[in-house]
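Take a look at the structure below.
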Amino acid sequence: MHMSAGFPANLAPRVLSIVRVVSAYLFVLHGSAKHLKIPFIEAMASVSPTSLSGIAGWLELVGGFLLLLGLFTRPVAFVLSGLMAFAYFIAHAPATPFFPLMNGGESAVLFCFIFLYFSVAGGGSWSIDALRSRR
Numbered sequence: 520m521h522m523s524a525g526f527p528a529n530l531a532p533r534v535l536s537i538v539r540v541v542s543a544y545l546f547v548l549h550g551s552a553k554h555l556k557i558p559f560i561e562a563m564a565s566v567s568p569t570s571l572s573g574i575a576g577w578l579e580l581v582g583g584f585l586l587l588l589g590l591f592t593r594p595v596a597f598v599l600s601g602l603m604a605f606a607y608f609i610a611h612a613p614a615t616p617f618f619p620l621m622n623g624g625e626s627a628v629l630f631c632f633i634f635l636y637f638s639v640a641g642g643g644s645w646s647i648d649a650l651r652s653r654r
């Protein structure tokens, strides 16, 4: 089966949007578990809204929702990338600095670098940002 050379390149902006939506959905769940108790996670049930974890939860909830929509993708993703770097070094790295698998920080590292990529690449063709730029 022969595919044209442009076929994968034509899909890239759409796949970028799909990765953004899935990543944002997974990220929003962290904030909604902390503040909306959906899903209910015992360890997150007592997070104070003004604690460090609570403030991170607001950024996860609001920033994740903006990413889900693809609205202000680049600046929001940049802030969330920094949040995840901070979360890794504050909450995970002190346990075993160079082994995210051992300190539970692999999702923080992945989110950090995925969001860093979105801060450069944008939200893809299926985003409010793309819709706004067409007008």
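All letters in the sequence shown, in the order written, are residues 520 to 654 by our numbering.
Beta carbons: idealized from backbone N, C-alpha and C, even for Gly.
Computed from a prediction, not measured in an experiment: that's the story for all the values here.
### Task
Within 10 angstroms of the Cβ of Ser-600, are there 16 or more other Cβ atoms? Answer buried if so, exposed if not.
Residue 600 sits at position 81 when you count from the first residue of the sequence shown. With 16 or more neighbouring CB atoms inside 10 Å of its own CB, Ser-600 falls in the buried class.
### Query
Between the beta-carbon of Phe-634 and the beta-carbon of Ala-596, is there less than 7 Å?
The sequence position of residue 634 within the sequence shown is 115, counting from 1. The sequence position of residue 596 within the sequence shown is 77, counting from 1. The answer is yes: Cβ separation under 7 Å.
### Query
With a cut-off of 8 Å, do at least 3 Cβ pairs link the region 559-578 to the region 528-536?
Too few Cβ pairs lie closer than 8 Å, so no.
### Task
Output the boundary residues of the alpha helix (DSSP H) element that contains Met-621.
Here residue 621 is taken as the residue at index 102 of the sequence shown, counted from 1. Run containing Met-621: 619-622, per the alpha helix (DSSP H) assignment.
### Query
Taking Cβ to Cβ, would you say Ser-536 is nearer than 7 Å to Ser-644?
As a working mapping, residue 536 is identified with position 17 in the sequence shown. As a working mapping, residue 644 is identified with position 125 in the sequence shown. Yes, Cβ-Cβ distance for Ser-536 and Ser-644 is below 7 Å.
### Task
Could you have a look at Lys-553 and say whether DSSP puts it in helix, strand or coil?
Counting from 1 along the sequence shown, the entry for residue 553 is found at position 34. Here DSSP, grouped into helix, strand and coil, assigns Lys-553 to helix.
### Task
Use the C-beta contact count for Leu-585: other C-beta atoms within 10 angstroms, 16 or more gives buried, fewer gives exposed.
On the sequence shown, position 66 is the one that residue 585 refers to. Per the 10 Å Cβ criterion, buried.
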